[in-house]
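**Q** Residue numbers (my numbering): 36 to 469.
Once you've had a glance at the structure underneath, I'll fire off some questions.
Spelled out as structure tokens, the structure:
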């Protein structure tokens with residue numbers, strides 16, 4: 036995908052026809068609507084649908100456009116994405132956090148705040164997979180869809196903006212040459228504001244929910260604490276996975292190490308721990324097949340977008356924040372981030388291929404890079420497909436018999452009335468004067 040994203044620098048994307056975006060749009064509409072229209076059919080056939088659209092677009096790029104290089108880079112990014120997601124999913128599944136009693140709104144709020152913090156150390160994927168099951172168990176007597184949605188908002192997305200490990204877009208920026216601690220230095224005020232606002236809103240909603248439950252549950256409120264962690268041996272493969280993200284060469288060595296660490300974790304973890312977590316591979320299977328289709332079909336979408344970035348009138352950090360953000364919610368935030376980072380460099384006659392150009396960019400146009408970065412991370416929570424962990428959290432919740440919002444229900448009941456006003460406020464605070 037790098038070739039496609041960087042194609043805007045050489046003009047390659049200008050020849051991409053608009054109609055080639057149709058498979059991507061149709062796939063997104065199917066992901067959004069089919070679980071509601073015909074759930075059982077979709078559950079059985081979605082891998083075939085994703086593969087079919089992927090073959091269609093890959094065939095067009097390879098045999099008609101002759102652009103095998105773009106296909107190779109897209110495939111490499113997909114494998115890297117899945118290696119990180121799969122390895123953290125398996126390792127986190129081998130760690131069981133036992134909880135006792137029913138959590139109060141205050142305990143719940145502290146738990147989400149803790150998840151937002153550690154997302155910067157073990158990534159939003161790692162934090163989501165480690166904490167979603169105990170989160171559900173803590174609230175088993177009164178868990179509702181908003182518990183799942185706010186978990187996605189805070190732990191799976193917004194919380195991970197302080198380090199390159201925290202969220203995939205920032206990690207890609209780090210690999211291209213952005214200094215590791217630059218994000219921590221620049222983003223902590225926005226991180227603190229975003230997490231604080233979301234936690235306050237959650238506390239208010241959860242307090243109302245808690246007031247409606249039975250007295251027997253409310254009397255148990257002081258017992259909602261973490262009491263035991265099992266599977267600590269998985270800390271070693273977790274460290275190996277986190278360390279491997281810094282490996283750039285040779286090609287695929289990083290991914291091999293991640294898969295090896297996941298394999299060691301899976302075979303060495305006692306089965307009772309996996310059973311206590313209700314661990315299975317269905318969530319990762321769904322992410323793998325759907326994102327295979329998404330990565331393949333969004334090649335022309337991102338190429339067309341990158342080639343026409345100059346026509347979008349992106350002449351301020353605030354505009355970059357909004358456009359990067361809204362498209363991150365629909366396209367997956369990692370490649371969207373790279374597309375607009377490339378576009379910004381291209382507007383100044385520079386290339387994302389050159390680390391020196393990135394250093395120049397954060398020195399001279401740092402606020403613009405902040406806008407792109409925070410737009411990608413914050414708006415990744417806009418839909419289930421905006422960031423990898425979102426879909427996994429949804430699937431795990433469904434397996435726990437929790438009624439989660441549909442694709443459009445998530446957007447219209449939570450993203451639009453809650454998330455959009457918050458990210459709009461943050462954009463106004465941090466980028467309005469630019």
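Where a beta carbon is used, it is the ideal one built from N, C-alpha and C, also for glycine.
What do you get for residue 225, buried or exposed, if any count of 16 or more other CB atoms within 10 angstroms of its CB means buried?
**A** Result: buried.
**Q** Using only the alpha-carbon positions, how far apart do residue 83 and residue 69 sit?
**A** One C-alpha to the other measures close to 14 Å.
**Q** By Cβ distance below 7 Å, which residues in the same chain neighbour residue 213 in space, the five residues on each side in sequence not counted?
**A** Hits under 7 Å: 393 and 397.
**Q** For residue 168, which of helix, strand or coil comes out of DSSP?
**A** Three-state result, residue 168: helix.
**Q** CA-CA distance, residue 332 and residue 352?
**A** The straight-line gap from Cα to Cα measures roughly 28 Å.
**Q** Within a Cβ cutoff of 6 Å, which residues of the same chain sit near residue 425, ignoring the five residues on either side of it in sequence?
**A** Around residue 425: 187, 191 and 419.
**Q** Could you tell me whether the segment 302 to 318 touches the segment 234 to 244, where touching means 3 or more Cβ pairs closer than 8 Å?
**A** Contact fails: fewer than three Cβ-Cβ distances are below 8 Å.
**Q** So for residue 139, helix, strand or coil by DSSP?
**A** In the structure shown, residue 139 sits in coil (DSSP, three-state: anything other than H, G, I, E or B).
**Q** Rank 245, 423, 310 and 107 by C-alpha distance to the C-alpha of residue 201 and give the top, closest one.
**A** Minimum Cα distance to residue 201 is reached at 423.
**Q** Between the alpha carbons of residue 468 and residue 120, how many angstroms are there, rounded?
**A** Answer to the nearest angstrom: the Cα atoms are 38 Å apart.
**Q** Would you list the one or two residues that DSSP bridges to residue 265?
**A** In DSSP, residue 265 forms a bridge with 131.
**Q** So for residue 360, helix, strand or coil by DSSP?
**A** In the structure shown, residue 360 sits in a helix (DSSP, three-state: H, G or I).
**Q** Within the chosen definition, does the segment 317 to 328 reach the segment 346 to 365 through at least 3 CB pairs nearer than 8 Å?
**A** Because the criterion of three Cβ pairs below 8 Å is not met, the segment 317 to 328 and the segment 346 to 365 do not touch.
**Q** Starting from the C-beta of residue 312, find all residues in its chain whose C-beta is less than 6 Å away, skip the five residues before and the five after it, and write them out in chain order.
**A** Answer for residue 312: 128, 131 and 168, listed in chain order.
**Q** What distance in whole Å lies between the Cβ atoms of residue 269 and residue 126, which are believed to be in contact at a cut-off of 8 Å?
**A** Going by Cβ atoms, the distance from residue 126 to residue 269 rounds to 5 Å, so yes, they are a contact pair.
**Q** For a minimum of 4 consecutive residues, which ranges assigned as the alpha helix (DSSP H) are wholly contained in the segment 45 to 74?
**A** Fully enclosed alpha helix (DSSP H) runs of 4 or longer: 57 to 72.
**Q** Check whether the segment 203 to 220 and the segment 168 to 184 are in contact - that is, three or more C-beta pairs closer than 8 Å.
**A** These segments do not touch.
**Q** Inspect the beta-carbon positions of residue 158 and residue 210 and report whether they are closer than 8 Å.
**A** No.
**Q** From residue 156 to residue 198, what does the alpha carbon distance come to, in whole angstroms?
**A** Going by the C-alpha atoms only, they are around 8 Å apart.
**Q** Rounded to the nearest angstrom, how far is the Cβ of residue 458 from that of residue 338, given a contact under 8 Å?
**A** About 27 Å; that fails the 8 Å criterion.
**Q** Rounding to the nearest angstrom, what Cα-Cα distance links residue 149 and residue 113 in this structure?
**A** Cα-Cα distance, rounded: 29 Å.
**Q** If you drop the 5 nearest sequence neighbours on each side, which residues of the same chain put their C-beta closer than 6 Å to that of residue 55?
**A** Closer than 6 Å at Cβ, skipping near neighbours: 335.
**Q** Taking only the alpha-carbon atoms, compute the straight-line gap between residue 153 and residue 162 and give it to the nearest angstrom.
**A** Spanning the two alpha carbons is a distance of roughly 7 Å.
**Q** So the candidates are 86, 248, 452 and 342; which of them puts its Cα closest to the Cα of residue 381?
**A** Here the closest residue by C-alpha is 342.
**Q** Going straight from the alpha carbon of residue 322 to that of residue 391, what length do you get?
**A** Computed Cα separation, rounded: 35 Å.
**Q** Rank 219, 228, 164 and 240 by C-alpha distance to the C-alpha of residue 182 and give the top, closest one.
**A** Answer by Cα proximity: 240.
**Q** So what does DSSP say about residue 394, is it helix, strand or coil?
**A** Helix.
**Q** Go ahead and pull the three-state DSSP assignment for residue 218.
**A** It is helical.
**Q** Nearest-angstrom Cα distance between residue 274 and residue 164?
**A** Their Cα atoms are separated by approximately 16 Å.
**Q** Between the segment 289 to 301 and the segment 52 to 67, do three or more beta carbon pairs fall short of 8 Å?
**A** Contact fails: fewer than three Cβ-Cβ distances are below 8 Å.
**Q** Here's a check: name, in chain order, each residue in its chain whose Cβ is nearer than 6 Å to the Cβ of residue 257, leaving out the five neighbours to either side.
**A** In this prediction, residue 257 has a pLDDT of 48, which is less than 50 and means its spatial position is unreliable; what the coordinates show is noted afterwards. Contacts found: none.
**Q** Do you know whose CA, among 384, 416 and 354, lies nearest residue 363's CA?
**A** The candidate whose alpha carbon is nearest that of residue 363 is 416.
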